[in-house]
Amino acid sequence: MFKAIITITFKKSILDPQGNAVHKALKSLGYEDVEDVRMGKHVEILLRGDEPQEAETKIKEMCSNLLVNPVIEEYQVELVEVEV
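When you line the sequence shown up against numbering that gives the first Met the number 0, it's residues 0 to 83, in that order.
Listed below in structure tokens is the structure:
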């Protein structure tokens with residue numbers, strides 16, 4: 000069994016209003032050394048199977064078909080084998 004940890008963020012070329020709001024709030028709280036803030040989504044999926052390549056292929060299909068809007072978002076996948 001595998002656990003996929005998926006991090007989805009806006010592409011660098013896309014304005015991130017939530018990230019900008021958090022950045023301004025942190026600055027107003029005195030955290031002047033904060034350069035930039037990007038907000039995103041964190042998704043965890045448990046997937047049955049024995050082959051990491053097969054699991055990674057399925058997760059990428061899920062991202063392409065449902066989880067990620069490829070026009071404005073990008074994603075990273077960390078695949079971890081877990082004990083049942």
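The beta carbon of each residue, even a glycine, is placed where N, CA and C say it ideally should be.
Every value quoted in this text rests on a predicted model; they were computed, and no experiment measured them.
For this session: Can you give me the start and stop residues for the alpha helix (DSSP H) that Val-21 sits inside?
Result: Taking the first residue of the sequence shown as position 1, residue 21 is located at position 22. Where Val-21 is concerned, the enclosing alpha helix (DSSP H) stretches over 16-27.
Exercise. Under three-state DSSP, which class holds Lys-59?
Worked result: Counting from 1 along the sequence shown, the entry for residue 59 is found at position 60. Lys-59: helix per DSSP, three-state reduction.
Exercise. Any idea if Ala-24 is buried or exposed, counting beta-carbon neighbours within 10 angstroms, 16 or more meaning buried?
Worked result: By one-based count along the sequence shown, residue 24 stands at place 25. Per the 10 Å Cβ criterion, exposed.
Problem set entry | Outcome for Asp-15 when other beta-carbon atoms lying within 10 angstroms are tallied against a minimum of 16 | Sequence index remark: in the sequence shown, residue 15 carries index 16 (1-based). It counts as buried.
Exercise. When you compare only the Cα positions, how much space is there between Lys-10 and Ser-63?
Worked result: Sequence index remark: in the sequence shown, residue 10 carries index 11 (1-based). Sequence index remark: in the sequence shown, residue 63 carries index 64 (1-based). Going by the C-alpha atoms only, they are around 15 Å apart.
For this session: Just tell me which of His-22, Glu-43, His-41 and Gly-39 has its CA closest to the CA of Asp-32.
Result: Residue 32 sits at position 33 when you count from the first residue of the sequence shown. Among His-22, Glu-43, His-41 and Gly-39, the Cα nearest to that of Asp-32 belongs to His-22.
Problem set entry | Start and end residues, beta strand (DSSP E) containing Ile-44 | For this step, residue 44 is matched to residue 45 along the sequence shown. Here the beta strand (DSSP E) through Ile-44 covers 39-46.
Exercise. With burial defined as no fewer than 16 other Cβ atoms inside 10 Å of the residue's Cβ, what is the status of Ile-58: buried or exposed?
Worked result: Counting from one through the sequence shown, the residue named residue 58 turns up at place 59. It is buried - the Cβ of Ile-58 has at least 16 other Cβ atoms within 10 Å.
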